[in-house]
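Structure representation (structure tokens):
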């Protein structure tokens, strides 16, 4: 068990001081509640003034006509309050133009702020640069698959057999990922800005492994078209006295997206802000379904013959398009805020599907022979398939933020991303098979399996836990 000791404490303190030390004493303090007749300038150690609540820069002031208080200076996050007597004479930090005397009274801390960032002596009172890193705990829509592995009864033949893998949505559980954002306001006009964001979900996979020890009877079900009457059938992997082998199945899903957004502040006060967004989004969804079987015949006429068979289905969906949206921010208290965003990307979804099968047969005492085609991936449905369609990527997010010392803030939020017109690998499998073309056979009759080209939608949603830094 890993134990905490003094060395860990020393290193932790060193890291904190290295990051925050140069600015900790000056940069993140709140003024004490104003008190009439108290001329002393003091710092309030409760927290700090968020940069989007800055009401003045060095040398600016507001009168205390209504509150018997004046703001002395706020510069790069340094906040101090000057107090005056019962008269209305303001304390002036420097010879400068007087600011409005409308103050916001925060009932929780007793702090006073000028109501309206347009009057704080700068075109924009928030940070010029910002960056954030978030941990994602998301759930997503799974990949539909047919029944891929069965056991007794009825020799693994459906519908009587028991399905042990497939016939469900795979990879629909929770996934971990990350999101990283960096942005800044433009110097020539701080109401305009740009940010870049990249998000990903880790490779989420579902596996199945079957052998004779765990499954004395194991089969791969399908519908046999090489008969006068279509009938369910099954390819045996394990059966006592007939065949012995293993079956391995892997289904995986990956998702990632990035966006470049230009923003313009259309409304702003010290309590709220609205930004219009326009930019570019790229999103990619990738699925993989891989089925590998290895068997050895135990009975004549092929006794001793080993067969290795692989079916692979890969799909890639790439969205590229323009993105439009809006983002809002609201102040709850000096240390708490919330924001929300709604964005929609309009563009092209390029879908690609690659299907491949391979069989290697080795007779007892003979040489191996390889052929294209497996069981679900035959010559009739193998190859590369592409499609371009109009699609959308929509995202909605809600975040609660807590200001921390040293310019940092912590956040927890919820997001949902919805992508349309995608191909999922498991949904491109056709289990109706003309067995005449199973290697080393030659197709005779209907060319099945075929590529179905089924289109569906994808979504991912969940929680975000983040740290951000404004400077």
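Numbering (this note's numbering), first residue to last: 429 to 899.
For glycine and all other residues, C-beta sits at the position ideal for the given N, C-alpha and C.
All of these numbers come straight from a predicted model, not from anything done at the bench.
6 Å Cβ shell around residue 886 - same chain, five flanking residues per side excluded: Here residue 886 refers to the residue found at position 458 when the chain shown is read from its first residue. Setting aside the 5 residues that flank it on each side, residue 886 is surrounded in the same chain by 569, 713, 847, 850, each with a C-beta closer than 6 Å to its C-beta; the list follows chain order.
DSSP-derived helix/strand/coil call for residue 430: The sequence position of residue 430 within the chain shown is 2, counting from 1. Here the model assigns residue 430 a pLDDT of 39, short of 50, so the residue's position is not dependable and the matter cannot be decided.
Residue 800, enclosing beta strand (DSSP E) - first and last residue: Sequence index remark: in the chain shown, residue 800 carries index 372 (1-based). Where residue 800 is concerned, the enclosing beta strand (DSSP E) stretches over 797–800.
Check whether residue 646 and residue 665 have beta carbons under 8 Å apart: Locating residue 646 in the chain shown gives position 218, counting from the first residue. Locating residue 665 in the chain shown gives position 237, counting from the first residue. It is a contact, given that the beta carbons lie within the stated cut-off.
Same chain, Cβ closer than 7 Å to residue 644, neighbours up to 5 away in sequence not counted: The count along the chain shown starts at 1 and reaches residue 644 at position 216. Once the five neighbours on either side are set aside, the close Cβ partners of residue 644 are 666, 668.
Segment limits, beta strand (DSSP E) that includes residue 625: On the chain shown, position 197 is the one that residue 625 refers to. Element bounds for residue 625: 620–638.
Start-to-end residues for the beta strand (DSSP E) that takes in residue 755: In the chain shown, residue 755 corresponds to position 327, counting from 1. Counting along the chain, the beta strand (DSSP E) containing residue 755 begins and ends at 734–761.
Whole-number beta carbon distance between residue 662 and residue 649, since they are thought to touch under 8 Å: The residue labelled residue 649 in the question sits at position 221 within the chain shown. The residue labelled residue 662 in the question sits at position 234 within the chain shown. Right, their Cβ atoms sit about 5 Å apart.
Range covered by the beta strand (DSSP E) that runs through residue 587: For the purposes of this step, residue 587 is identified with residue 159 of the chain shown, where counting begins at 1. Per DSSP, residue 587 belongs to no beta strand (DSSP E) and is neither H nor E.
Terminal residues of the beta strand (DSSP E) in which residue 582 lies: For this step, residue 582 is matched to residue 154 along the chain shown. Note, residue 582: premise wrong, no beta strand (DSSP E); not H, not E.
Span separating the alpha-carbon of residue 681 from that of residue 888: The residue given as residue 681 occupies position 253 in the chain shown. The residue given as residue 888 occupies position 460 in the chain shown. When rounded, the distance between both Cα atoms is 12 Å.
Identified DSSP bridge partners for residue 606: If you number the chain shown from 1, residue 606 lands on position 178. Answer by DSSP bridge pairing, in chain order: 563, 628.
Ordered list of beta strand (DSSP E) runs contained in the stretch 658–687, each at least 3 residues: With a minimum length of 3 residues, the continuous beta strand (DSSP E) runs that stay inside the stretch 658–687 are 659–666.
Among 801, 890, 808, 613, nearest to residue 845 - alpha-carbon criterion: As a position in the chain shown, residue 845 is number 417, starting the count at 1. The option with the nearest alpha carbon to residue 845 is 890.
Counted within 10 angstroms of its Cβ, other Cβ atoms place residue 562 as buried (16 or more) or exposed: To locate residue 562, count along the chain shown from 1; it is residue 134. Counting every other CB atom within 10 Å of its CB across the protein chains shown gives residue 562 a total of 16 or more, marking it as buried.
Residue 787 (DSSP reduced to helix, strand or coil): The count along the chain shown starts at 1 and reaches residue 787 at position 359. Residue state, collapsed to three classes: strand.
CB-CB length for residue 826 against residue 755, believed under 8 Å: Numbered from its first residue, the chain shown carries residue 826 at position 398. Numbered from its first residue, the chain shown carries residue 755 at position 327. In this structure residue 826 does not touch residue 755 by the C-beta definition: roughly 11 Å separates them, more than the 8 Å allowed.
Simplified DSSP state of residue 815, which is helix, strand or coil: On the chain shown, residue 815 is found 387 positions in, with the first residue counted as 1. Residue state, collapsed to three classes: strand.
Buried or exposed by the 16-neighbour rule on C-beta atoms within 10 Å, applied to residue 892: The count along the chain shown starts at 1 and reaches residue 892 at position 464. Around the beta-carbon of residue 892, 16 or more other beta-carbon atoms lie within 10 Å, marking it buried.
Proximity winner among 739, 586, 792, relative to residue 675 (alpha-carbon distances): As a working note, residue 675 is residue 247 in the chain shown. The option with the nearest alpha carbon to residue 675 is 739.
Cutoff 7 Å; reference residue 884; Cβ partners in own chain excluding five residues on either side: In the chain shown, residue 884 corresponds to position 456, counting from 1. Closer than 7 Å at the Cβ level, and outside the excluded window around residue 884, lie 850, 852, 855.
Other residues of its chain near residue 578: CB distance less than 7 Å, five sequence neighbours each side excluded: Residue numbering aside, residue 578 sits at position 150 when the chain shown is read from its first letter. Counting only Cβ-Cβ distances below 7 Å, and skipping sequence neighbours, we find 584, 586, 589, 590, 591, 592, 647, 649, 662.
Beta-carbon proximity list for residue 812, same chain, < 6 Å, skipping 5 on both sides: Taking the first residue of the chain shown as 1, we reach residue 812 at position 384. For residue 812, where only same-chain residues beyond five positions count, the Cβ hits under 6 Å are 782.
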